[in-house]
Structure formats: C-alpha cells, structure tokens
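In terms of the numbering used here, the numbers along the sequence shown are unbroken and rise by one, the last being 133.
A virtual CB, placed ideally from N, CA and C, is assigned to each residue, including glycine.
None of these values were measured; they are calculated from a predicted model.
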Amino acid sequence: MPYINANSSRLQARRDADVRRLGSPNFLHIFGAIAASGQESIEIASQFPAARKYQPLMEMVVKNGSTEALDLFLNGVLESRIMPGTVESFNNRAIWSVQLTNNDTGTAAAGLVTINVYTPALSADQAARERG
C-alpha cells in the first residue's frame with residue numbers, strides 16, 4: 002500500500018480550492034502563418050507547461066485578425082468557423098488541445114491569429130454557493 006502524507010493531501014486540496022476560487026493566469030498563443038489547406042495545432046500542457054496545474058482550462062478567446070476564415074477544433078472536434086476580423090469566446094468547457102485549419106484560399110498571416118486560454122475566477126455568487 003503506498004504511503005500518503007496527510008499534510009501533502011491537505012496542501013493539494015487547498016491548492017485545488019484556490020485554483021477553483023482564484024482561476025488561472027491567461028495563457029496567450031500567437032499563431033504563425035497558416036497556408037491555404039494548412040493547420041496549426043497545440044496541446045495546452047505542452048505549449049504552456051505552467052498551465053498543467055490549472056488544467057483543464059475552461060475558457061478561450063480567439064482573435065482572427067487575418068483575412069481568411071479558419072476552422073477551430075477543440076479537443077479534436079470541429080467547434081466553429083472563425084470568420085476574418087472577428088473575436089469569439091468559448092466558455093465553460095474543458096480545453097486540452099486547439100487546432101486551427103485554414104480552408105480558405107489565401108494564407109492567414111503570422112501574428113494575426115491569437116488565442117487566450119484560461120480558467121476564470123469564481124464570481125461572488127459562485128463563491129458564496131461553494132461556501133454553503
């Protein structure tokens with residue numbers, strides 16, 4: 002039977018509660034150029050090692066400043082088409098991986114497509130409910 006330190010378990014439980022209450026930092030990824038029919042993928046834990054202690058991250062904002070429409074896949078599932086010049090939010094879902102595919106005819110220029118992934122802090126109402 003493995004030895005489990007009671008203090009270690011309490012510290013981990015406290016850390017988990019703090020992450021739920023305070024949320025995570027923002028993790029920003031700036032995509033490179035995505036050629037027509039090309040794609041770029043990231044695994045959150047690999048791209049942002051510091052995000053591992055906050056996983057799963059629960060919200061994401063995508064900014065498509067390019068002139069190309071991009072297909073967004075979250076965790077391997079087609080989620081949305083991100084139209085040129087738009088900003089879209091994706092809330093309340095576990096985000097482990099992100100892939101953007103350019104199914105348009107031109108190249109999405111480097112630096113014009115970004116994602117910001119994070120877990121928000123609890124609202125005052127949510128915190129009050131959690132305290133019971």
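Taking buried to mean at least 16 other C-beta atoms within 10 Å of its own C-beta, is I25 buried or exposed? Here residue 25 turns out to be Ser, not Ile, going by the sequence shown. Taking a 10 Å sphere around the C-beta of S25, we find 16 or more other C-beta atoms and assign the residue as buried.
Count the other CB atoms, across all protein chains shown, that sit within 10 Å of the CB of N103; report buried if there are 16 or more and exposed otherwise. When all chains shown are included, N103 counts as buried.
What runs of the beta strand (DSSP E), each 3 residues or longer, lie entirely inside the segment 22-49? Inside the segment 22-49, DSSP marks whole beta strand (DSSP E) runs of 3 or more residues at positions 28-31, 40-44, from first to last along the chain.
Three or more beta-carbon pairs under 8 Å between the segment 114-122 and the segment 54-70, yes or no? The segment 114-122 is in contact with the segment 54-70.
Quick check: what's the CA-CA separation for D19 versus K64? In a straight line, the C-alpha of D19 is about 29 Å away from that of K64.
Taking the alpha-carbon of R132 as reference, which of S42, R21, G33 has the nearest alpha-carbon? Minimum Cα distance to R132 is reached at R21.
S90 - DSSP class collapsed to helix/strand/coil: Three-state result, S90: strand.
Among S81, T87, L29, which residue has its Cα nearest to the Cα of A52? Nearest option by C-alpha distance: L29.
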